[in-house]
Every structure is written in structure tokens, then in C-alpha cells.
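Colleague: Chains A and B, in that order, give the protein sequences.
Every number in my numbering is 403 more than the matching position in the first sequence, counting from 1.
Every number in my numbering is 403 more than the matching position in the second sequence, counting from 1.
To start, I am sharing the structure in question, which I have written as C-alpha cells.
Number of protein chains: 2
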Amino acid sequence: MDVQEIDLGAVREQVDAVLEDFLTSRARVAAGRGHPIEVVNTVRDFLAAGGKRIRALLCVVGWHAAGGSEDRAAVLRVAASLELFVAFALIHDDIMDDSATRRGRPAVHRTLRARLGPSPRAERLGAGGALLVGNLALIWAQELLHTAALSVQRRRTVHALFDAMLEEVMYGQYLDVMGTGADDDIDAALQIVRYKTATATVERPLQLGAAVAGADDTTLGLFTELGLPLGEAFQIRDDLLDVFGSADGACAPGLGDLREGKHTVILARGLRAASAAQQRRLRHLVGRDDLDERGAGEVRAILEETGAREHTEHMITSRYEQVLRVLDASALPPAASRALHGLAVTATQYTS
Amino acid sequence: MDVQEIDLGAVREQVDAVLEDFLTSRARVAAGRGHPIEVVNTVRDFLAAGGKRIRALLCVVGWHAAGGSEDRAAVLRVAASLELFVAFALIHDDIMDDSATRRGRPAVHRTLRARLGPSPRAERLGAGGALLVGNLALIWAQELLHTAALSVQRRRTVHALFDAMLEEVMYGQYLDVMGTGADDDIDAALQIVRYKTATATVERPLQLGAAVAGADDTTLGLFTELGLPLGEAFQIRDDLLDVFGSADGACAPGLGDLREGKHTVILARGLRAASAAQQRRLRHLVGRDDLDERGAGEVRAILEETGAREHTEHMITSRYEQVLRVLDASALPPAASRALHGLAVTATQYTS
Numbered sequence: 404m405d406v407q408e409i410d411l412g413a414v415r416e417q418v419d420a421v422l423e424d425f426l427t428s429r430a431r432v433a434a435g436r437g438h439p440i441e442v443v444n445t446v447r448d449f450l451a452a453g454g455k456r457i458r459a460l461l462c463v464v465g466w467h468a469a470g471g472s473e474d475r476a477a478v479l480r481v482a483a484s485l486e487l488f489v490a491f492a493l494i495h496d497d498i499m500d501d502s503a504t505r506r507g508r509p510a511v512h513r514t515l516r517a518r519l520g521p522s523p524r525a526e527r528l529g530a531g532g533a534l535l536v537g538n539l540a541l542i543w544a545q546e547l548l549h550t551a552a553l554s555v556q557r558r559r560t561v562h563a564l565f566d567a568m569l570e571e572v573m574y575g576q577y578l579d580v581m582g583t584g585a586d587d588d589i590d591a592a593l594q595i596v597r598y599k600t601a602t603a604t605v606e607r608p609l610q611l612g613a614a615v616a617g618a619d620d621t622t623l624g625l626f627t628e629l630g631l632p633l634g635e636a637f638q639i640r641d642d643l644l645d646v647f648g649s650a651d652g653a654c655a656p657g658l659g660d661l662r663e664g665k666h667t668v669i670l671a672r673g674l675r676a677a678s679a680a681q682q683r684r685l686r687h688l689v690g691r692d693d694l695d696e697r698g699a700g701e702v703r704a705i706l707e708e709t710g711a712r713e714h715t716e717h718m719i720t721s722r723y724e725q726v727l728r729v730l731d732a733s734a735l736p737p738a739a740s741r742a743l744h745g746l747a748v749t750a751t752q753y754t755s
Numbered sequence: 404m405d406v407q408e409i410d411l412g413a414v415r416e417q418v419d420a421v422l423e424d425f426l427t428s429r430a431r432v433a434a435g436r437g438h439p440i441e442v443v444n445t446v447r448d449f450l451a452a453g454g455k456r457i458r459a460l461l462c463v464v465g466w467h468a469a470g471g472s473e474d475r476a477a478v479l480r481v482a483a484s485l486e487l488f489v490a491f492a493l494i495h496d497d498i499m500d501d502s503a504t505r506r507g508r509p510a511v512h513r514t515l516r517a518r519l520g521p522s523p524r525a526e527r528l529g530a531g532g533a534l535l536v537g538n539l540a541l542i543w544a545q546e547l548l549h550t551a552a553l554s555v556q557r558r559r560t561v562h563a564l565f566d567a568m569l570e571e572v573m574y575g576q577y578l579d580v581m582g583t584g585a586d587d588d589i590d591a592a593l594q595i596v597r598y599k600t601a602t603a604t605v606e607r608p609l610q611l612g613a614a615v616a617g618a619d620d621t622t623l624g625l626f627t628e629l630g631l632p633l634g635e636a637f638q639i640r641d642d643l644l645d646v647f648g649s650a651d652g653a654c655a656p657g658l659g660d661l662r663e664g665k666h667t668v669i670l671a672r673g674l675r676a677a678s679a680a681q682q683r684r685l686r687h688l689v690g691r692d693d694l695d696e697r698g699a700g701e702v703r704a705i706l707e708e709t710g711a712r713e714h715t716e717h718m719i720t721s722r723y724e725q726v727l728r729v730l731d732a733s734a735l736p737p738a739a740s741r742a743l744h745g746l747a748v749t750a751t752q753y754t755s
């Protein structure tokens with residue numbers, strides 16, 4: 404059918420231009436009303452610091468896949484909305500985990516804390532300020548969405564999908580935060596991955612783009628089939644990278660998830676496969692705020708020895724293969740199929 | 404024109420019924436998808452614990468004032484959306500201030516903290532859980548809003564007003580949290596009142612209801628004229644009640660704002676009118692987490708002696724009179740005018 408490739412680099416630039424235009428308009432309004440313009444700048448800096456824009460790209464690919472040709476401005480707006488939603492979720496996530504950095508810069512609540520200077524209240528107030536910045540990112544995401552030029556019917560579908568995504572992510576995070584499940588429960592860890600990340604990272608963005616193009620339920624269903632394994636693979640890879648870094652050294656192994664005691668699939672698998680002595684060491688080391696490189700090295704060694712790392716790599720591979728099977732069996736336009744294939748490789752192999 | 408009064412009691416019941424229906428549907432969906440239904444129940448309990456529903460009532464009165472007659476289901480949905488927005492804002496507010504109680508019950512983050520049991524992480528995780536509950540309240544507020552049955556044009560106006568309100572409140576809270584203004588700056592304190600409360604409590608709810616009825620700019624402008632003095636009076640009264648309680652004893656004087664060191668108008672006025680010795684005492688006592696009844700008594704005495712309390716009462720009265728002048732000069736339907744008059748008395752004299 405089509406011979407042209409989808410130029411993902413160009414899409415990314417267009418999405419960033421929509422974000423920039425929108426934030427410039429928010430800054431202008433804030434300046435006119437005496438509102439604190441630094442909030443807009445904080446969100447702008449957060450977006451400028453990086454991010455793969457994977458959700459925005461998937462949204463536009465979903466639109467192509469569903470035969471989108473008109474409504475390009477609308478789909479770019481929905482795609483940009485997804486990136487503001489990501490900013491909201493990550494800014495709040497970093498508050499909840501008290502993460503020091505994000506995308507190589509201090510996390511927003513840490514930046515605001517530092518701005519308040521040495522005060523016993525700076526920690527609480529910095530977190531409060533970041534909470535509000537995150538809220539505004541969500542409010543703006545919704546504004547971008549409901550000001551997209553869509554017919555009544557498509558607008559309704561887009562909103563329903565977006566609302567479902569927001570609920571899934573919030574519930575997933577809630578389970579993660581308030582969860583009292585066993586730390587060696589792989590299914591529980593996968594459920595959190597599914598709610599918190601898998602649908603929001605791949606399935607919903609693809610569906611949102613497709614809905615802008617007026618896709619039918621078959622296409623939306625195909626994206627569920629595709630989105631779950633790809634989203635899970637993406638998140639499991641992300642968790643592996645956090646602990647082990649990337650083979651090419653672009654991503655250094657870290658202490659973040661281990662200190663936080665995050666209920667990841669690899670950790671659950673490690674605990675499940677470990678000897679009693681190894682289990683005691685893992686439970687002693689993981690979740691300590693003062694875990695050091697040496698302790699992390701010990702954790703990594705146990706995750707290797709128990710085969711947990713290898714097993715988790717297999718989980719990624721089998722999901723990636725599942726994605727390929729679904730893609731091959733689908734009747735998607737070839738350019739969209741190729742773009743999805745490429746994004747699947749990016750999402751499961753690398754990070755940045 | 405009309406002889407019938409607006410039955411605010413009935414309106415309140417109808418708004419609560421919309422909220423109950425909506426939350427029941429969210430609970431059903433959550434149960435079906437294995438989502439944590441306790442989040443829905445937490446929001447439901449929060450709403451059931453009380454609240455005057457002043458914003459919802461003003462919204463429906465605004466609709467009446469603008470000649471609303473059809474679209475009753477739509478205006479009730481918008482009114483209910485405002486109450487979910489309030490729940491969101493208060494749940495987050497209580498996290499930021501680490502308030503112990505709200506509406507006579509433990510604040511949401513305290514309830515969740517207690518549920519986690521004695522753990523060094525319970526404080527952080529409880530705050531995280533409440534953050535997410537608050538986010539869902541906002542997400543649901545937006546869902547109620549964009550699923551209201553409105554024409555394209557009215558929907559656009561309603562969304563624009565709602566977005567403006569959300570921005571104003573977030574910016575106002577941000578200034579409050581991150582603000583470094585002088586503590587005796589009455590104008591700065593009033594500016595925070597204006598952004599954080601005045602518009603969101605009165606002006607925007609009235610305008611939102613009016614917009615559902617397709618009001619023109621004259622009516623929307625009238626509600627700005629009315630909303631600012633009434634909203635300010637409402638918030639200044641709220642601040643006074645927090646420090647001094649109510650004359651009838653229904654509201655006991657508290658330590659909340661004084662311990663938090665909230666930049667209220669009465670405190671700014673007290674500092675401005677105080678002697679150097681009194682200023683030192685105020686600055687020593689206010690903002691201490693360990694402020695006790697005796698210290699609070701000293702603060703109250705200074706606020707009386709300096710005339711700050713009396714001055715602040717005058718500020719409320721002059722705003723109330725301004726509201727009456729605007730109402731008298733307006734051509735609002737008499738029933739709407741009388742309802743607004745009644746709500747103005749409620750908002751500036753009592754609380755619950």
C-alpha cells in the first residue's frame with residue numbers, strides 16, 4: 404500500500420512544537436494575571452530535559468495505523484497531551500519516592516526544596532510546590548485534550564480512553580504505594596506493571612491516536628493485544644536497566660529501585676528462586692535508604708546466581724516475540740507496522 | 404417575575420445523588436477490573452463527612468440567575484463536578500499542611516497512614532496514597548464535567564471557566580506554599596485569598612452555572628463583581644473562625660492556621676498594627692508545630708489588642724455590603740437574587 408515511512412523524528416518535533424506553543428500561551432496568561440510564571444517554566448524545563456516521547460509517537464503511529472490522514476493537528480494535540488500527562492505522573496512519582504534525580508537533573512521537588520533555602524520546612528514545602536506543579540501538568544494535559552478539534556463522537560471516545568488510562572495509572576500507583584502483597588509474588592508485581600505502565604505506555608496511546616482517526620473496535624482491540632506485551636516488556640526492561648544498567652554503558656546501573664524497595668518482577672523472581680540464606684540477604688539489603696554500591700553489588704550477584712536476571716530477560720523476549728506475531732497477523736498498513744516494529748525494538752532494548 | 408424560591412435543600416440532595424450515582428459507577432468499574440475499590444470509598448466517605456456544598460449551590464443559583472430551565476441534569480453534573488474538585492483540593496491541602504483532621508474526621512493521608520500500621524515508611528506512603536486519591540477526585544471531576552450533556556458552544560465555555568478556576572487555585576496555592584513575601588503584607592495575603600479561594604468559591608461556580616444556561620458576558624461579568632467580594636469575605640471569615648471560633652460556639656477556636664503559620668489577612672493586619680514587642684511575640688509563637696493553647700491565647704490577645712480582629716471584621720462587613728449593592732443594582736430574577744443574598748449571609752457569618 405504505502406511506501407512512505409512514518410518519519411518519527413518529524414513527529415517528535417511537531418509534538419514538541421505543540422507543547423511549546425501551548426506552554427507559551429500559558430506563560431502569557433500567567434504573566435497577564437500576576438500568576439507565578441515559574442510554574443510554567445518548571446514544566447517546560449522538565450519536558451526539555453529529555454524523555455523519549457514514546458507515548459506521543461505511539462499515539463501518532465496508532466492514528467496512521469487506523470488510516471488517519473486529516474485531523475493531523477488534532478492527533479498532535481492528543482499526543483502532546485500524553486506527554487504532559489507523563490510529566491504529571493513522573494513529578495508526583497518522584498515526590499512519593501523522594502527520588503533525587505529525573506532525566507539527569509534534580510527532581511522537581513528537590514529543585515523547589517533547594518530554592519527555599521535552609522529551612523526546616525523546605526522539605527515539606529518543596530514537595531507541596533512540586534505536587535502543585537504536577538497538578539497543573541495534569542490540568543493542562545486535559546486542557547490540550549478537550550480543546551482538540553474533534554467531532555462529538557470521536558471526542559467522546561478519546562475522552563473515555565484517556566479517563567480509563569488515568570484511572571488505571573492512579574490505581575496501579577495506589578496498589579504499589581499501599582500494597583501489602585508478598586515481595587516474592589511475581590503475579591502481583593506484573594499486575595502493578597500492567598496497571599501502572601503497560602496500558603498507559605503503549606495500549607492507550609495507540610488507541611487514542613486510532614480514536615482520533617475514527618477507528619473501529621477491531622483496531623482498538625488489536626492495540627490491546629499489542630499493547631499489553633509491549634508495555635510489559637518496556638517496563639520490565641526499565642526495571643532491569645535500573646538495577647543492571649545497559650550493556651552499551653549508555654545507562655549506568657543505579658541504586659534507585661533497590662533503595663526504594665520497588666516491587667519489581669526481577670526482585671520477585673529473585674526472591675522466589677533464592678535459597679533461604681539469599682532471601683535473608685535480599686530482604687536485608689533491598690529497601691534500605693542507606694544501601695551502598697557494595698550492598699547493591701551483592702544484590703545484583705544474587706539476582707544473577709538465582710537465574711532471576713536471565714529469567715527476566717526471557718520474559719522480555721517472549722513478550723517481544725508476541726508483539727511480532729500480533730503485528731504479522733494484523734492487516735495494518737505496512738508503514739505503521741514497520742514503525743511499530745521499530746518502536747518495539749527501541750522500547751525493549753534501549754532506554755535514555 | 405418568579406414567586407417561587409429556589410429550594411437549596413432540594414438542590415443539595417440532587418447534587419449528592421449525582422455524586423452518589425457517579426461514584427457507584429466508578430466502584431462497579433473498579434470491582435470489575437480488579438482495581439482497589441477502597442479509593443472510591445475513601446472519596447465517598449470524604450464527601451459524606453460534610454461540607455456545605457456552597458460551590459454546587461452557587462453553580463445552580465448561577466444557572467437560575469441566567470434563566471436556566473432546561474439542562475437541569477447538565478447543571479447538576481457541573482455542580483457535582485465542583486464538589487469533587489473541592490475534595491481534590493482539600494485532600495491535597497491536608498497533605499501539604501499535614502493537617503490531622505478535616506470535617507471532624509482524620510485527614511485522608513492520616514487515615515491511610517494509620518492503615519499501614521507502625522512502619523517508618525507509613526508517613527510517606529500514607530501521603531502518597533492520599534496524593535493519588537486526590538488525583539482521582541480531580542480526574543473524576545473532569546470526567547463529570549466533560550460527560551455533561553451540553554452543546555458544543557456551551558461545553559467550550561464551561562471548560563474554559565473550569566480550566567481558569569483550576570489554574571487560579573493551583574497558582575494561589577503555589578504562591579502560598581512557595582511564597583517568600585513579608586508576613587505583615589496584607590495585600591499579599593489578600594492576593595492569595597483571591598487566587599486560592601475567592602474565585603473558586605463564588606465567582607467561577609456562579610459563572611459555570613450561568614454558562615450552562617448560555618449566559619452572555621454581562622451576566623458572567625456581574626458574577627465577577629459579586630464573586631470577588633463575597634469570596635474574599637467567605638475566606639476571611641473562615642480564617643477568623645479558625646483562630647477565634649464562632650460566637651455561638653458551633654465552631655471551636657483552633658490551633659491549625661496558627662501552628663501552620665498561614666499567611667492570613669488577620670495575621671498580616673496584627674503584625675502591621677503591633678508594637679515591636681508584640682511583633683516579636685507573634686513571630687515567636689505563630690508557625691510553631693508545638694504551639695499550645697496558652698501560646699494561642701497570647702496570639703489571640705494580641706490580635707484583639709491591636710484591633711486586628713475588629714479591623715478584619717470590618718473588612719468582611721464592607722465586602723458583604725458591596726455584595727448587597729451589586730445584587731440590588733442587578734436585574735437578576737428575584738428568586739436568584741434572594742438565594743444569593745441568603746448564601747452571602749451563610750458564607751460570611753457561619754460555617755460548619
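Note that CB positions come from ideal geometry on N, CA and C, so glycine has one too.
The structure displayed is predicted, hence computed values, not measured ones.
Tell me whether the stretch 685-700 of chain A and the stretch 715-730 of chain A touch, counting them as touching only if at least three CB pairs, one residue from each stretch, are closer than 8 Å.
Modeller: The stretch 685-700 of chain A is not in contact with the stretch 715-730 of chain A.
Colleague: Which first and last residues belong to the alpha helix (DSSP H) in which R672(B) is found?
Modeller: It spans V668 to A676 - the alpha helix (DSSP H) in which R672(B) sits, taken as one unbroken run.
Colleague: Would the stretch 416-425 of chain B and the stretch 549-558 of chain A be scored as touching if the rule is three or more Cβ pairs under 8 Å?
Modeller: Result no; under three Cβ-Cβ pairs closer than 8 Å.
Colleague: Below 9 Å on C-beta distance, what does I542(A) contact in chain B?
Modeller: Near I542(A) (Cβ distances below 9 Å), the residues of chain B are L541, Q545, D566, L569, E570 and M573.
Colleague: If you drop the 5 nearest sequence neighbours on each side, which residues of the same chain put their C-beta closer than 8 Å to that of T550(B)?
Modeller: Excluding residues within five positions, the ones whose Cβ falls inside 8 Å are R480.
Colleague: Please check if any C-beta of chain E sits within less than 7 Å of the C-beta of V689(B).
Modeller: Annotation note: the requested chain E is absent from the structure, which comprises protein chains A and B.
Colleague: Output the boundary residues of the alpha helix (DSSP H) element that contains Y577(A).
Modeller: Element bounds for Y577(A): V555 to M581.
Colleague: Going by beta-carbon coordinates alone, are L625(B) and A747(B) separated by less than 7 Å?
Modeller: The answer is no: Cβ separation not under 7 Å.
Colleague: Please determine, among C462(A), A434(A), A477(A) and T427(A), the residue with the shortest C-alpha to C-alpha distance to L623(A).
Modeller: Answer by Cα proximity: C462(A).
Colleague: What's the C-alpha gap between V561(A) and Q682(B)?
Modeller: The alpha-carbon atoms of V561(A) and Q682(B) are separated by roughly 56 Å.
Colleague: Rounded to whole angstroms, what is the Cα-Cα separation between T445(A) and L578(B)?
Modeller: Using only the alpha carbons, I get a separation of about 14 Å.
Colleague: Let me check understanding here. Comparing Cα to Cα, which of R475(A), M581(A) and S428(A) lies closest to A413(A)?
Modeller: Cα-wise, what sits closest to A413(A) is R475(A).
Colleague: I need the straight-line Cα distance from G520(A) to A525(B), nearest angstrom please.
Modeller: Taking the straight line joining both Cα atoms gives about 27 Å.
Colleague: For Q576(A), go through chain B and note every residue whose CB falls closer than 7 Å to its CB, in chain order.
Modeller: Those are L535, listed as they occur along chain B.
Colleague: Note down, in chain order, every chain A residue with its Cβ under 7 Å from the Cβ of H562(B).
Modeller: By Cβ distance, chain A contributes H549.
Colleague: Can you check which of these residues, S733(B), Q752(B) and R640(B), is closest to E628(B) by C-alpha distance?
Modeller: Per the Cα distances, S733(B).
Colleague: So with CB distances below 9 Å, who are the chain B contacts of H495(A)?
Modeller: In chain order: G531, L534, L535 and N538.
Colleague: From which residue to which residue does the alpha helix (DSSP H) around E448(B) run?
Modeller: It is worth fixing the name first, because residue 448(B) is Asp in this sequence and not Glu. Unbroken alpha helix (DSSP H) run through D448(B): E441 to A451.
Colleague: Compare the Cα-Cα distances from G612(B) to each of G465(B), D590(B), G507(B) and Q545(B) and report the closest residue.
Modeller: Comparing Cα positions, the closest option is G465(B).
Colleague: By how many angstroms is the C-alpha of R607(B) removed from the C-alpha of D620(B)?
Modeller: Whole-angstrom Cα-Cα distance: 13 Å.
Colleague: Pick from D497(B), D590(B) and G507(B): whose alpha carbon is nearest that of G537(B)?
Modeller: The shortest C-alpha separation from G537(B) is found at D497(B).
Colleague: State yes or no: is the C-beta of E571(B) within less than 7 Å of the C-beta of T604(B)?
Modeller: No, the Cβ-Cβ distance between E571(B) and T604(B) is not below 7 Å.
Colleague: Helix, strand or coil, according to DSSP, for T720(A) in the structure here?
Modeller: Reduced to three states, the DSSP call for T720(A) is helix.
Colleague: Can you confirm whether L611(A), when its beta carbon is compared against all beta carbons of chain B, has any partner nearer than 7 Å?
Modeller: Judged by the 7 Å Cβ criterion, L611(A) is not in contact with chain B.
Colleague: Does the beta carbon of V418(A) sit closer than 7 Å to a beta carbon anywhere in chain B?
Modeller: V418(A) does not count as touching chain B.
Colleague: Please list, in chain order, all residues of the same chain as V511(A) whose beta carbon is under 7 Å from its beta carbon, the five residues on each side excluded.
Modeller: For V511(A), where only same-chain residues beyond five positions count, the Cβ hits under 7 Å are T445, F449, I494, D497, A533 and V536.
Colleague: Between the alpha carbons of A434(A) and V442(A), how many angstroms are there, rounded?
Modeller: Roughly 11 Å separates the two Cα atoms.
Colleague: Classify P509(B) as helix, strand or coil using the three-state DSSP reduction.
Modeller: Here P509(B) sits in strand by DSSP.
Colleague: Please classify G531(A) as buried or exposed, where buried requires at least 16 other C-beta atoms within 10 Å of its C-beta.
Modeller: It is buried - the Cβ of G531(A) has at least 16 other Cβ atoms within 10 Å.
Colleague: Could you confirm whether any beta carbon from chain A is found closer than 7 Å to the beta carbon of A438(B)?
Modeller: The amino acid occupying residue 438(B) in the given sequence is His; Ala does not appear at that position. True, the Cβ-Cβ gap to chain A drops below 7 Å.
Colleague: If we call anything under 7 Å between Cβ atoms a contact, is A490(B) one with A540(B)?
Modeller: The answer is yes: Cβ separation under 7 Å.
Colleague: For G471(A), count the other beta carbons within 10 Å of its own beta carbon; 16 or more makes it buried, fewer makes it exposed. Which is it?
Modeller: The residue in question, G471(A), is buried, as its Cβ has 16 or more Cβ neighbours within 10 Å.
Colleague: Taking the alpha-carbon positions, what's the R640(A) to A552(A) distance?
Modeller: Roughly 36 Å between the two C-alpha positions.
Colleague: Show which residues of chain B have a CB atom less than 8 Å away from the CB atom of V580(A).
Modeller: The answer, in chain order, is L528, G531, G532 and L535.
Colleague: Under DSSP, the alpha helix (DSSP H) around I595(A) begins and ends at which residues?
Modeller: Per DSSP, I595(A) belongs to the alpha helix (DSSP H) from I589 to V596.
Colleague: Can the beta-carbon of A468(A) be found less than 7 Å from the beta-carbon of A739(A)?
Modeller: Yes.
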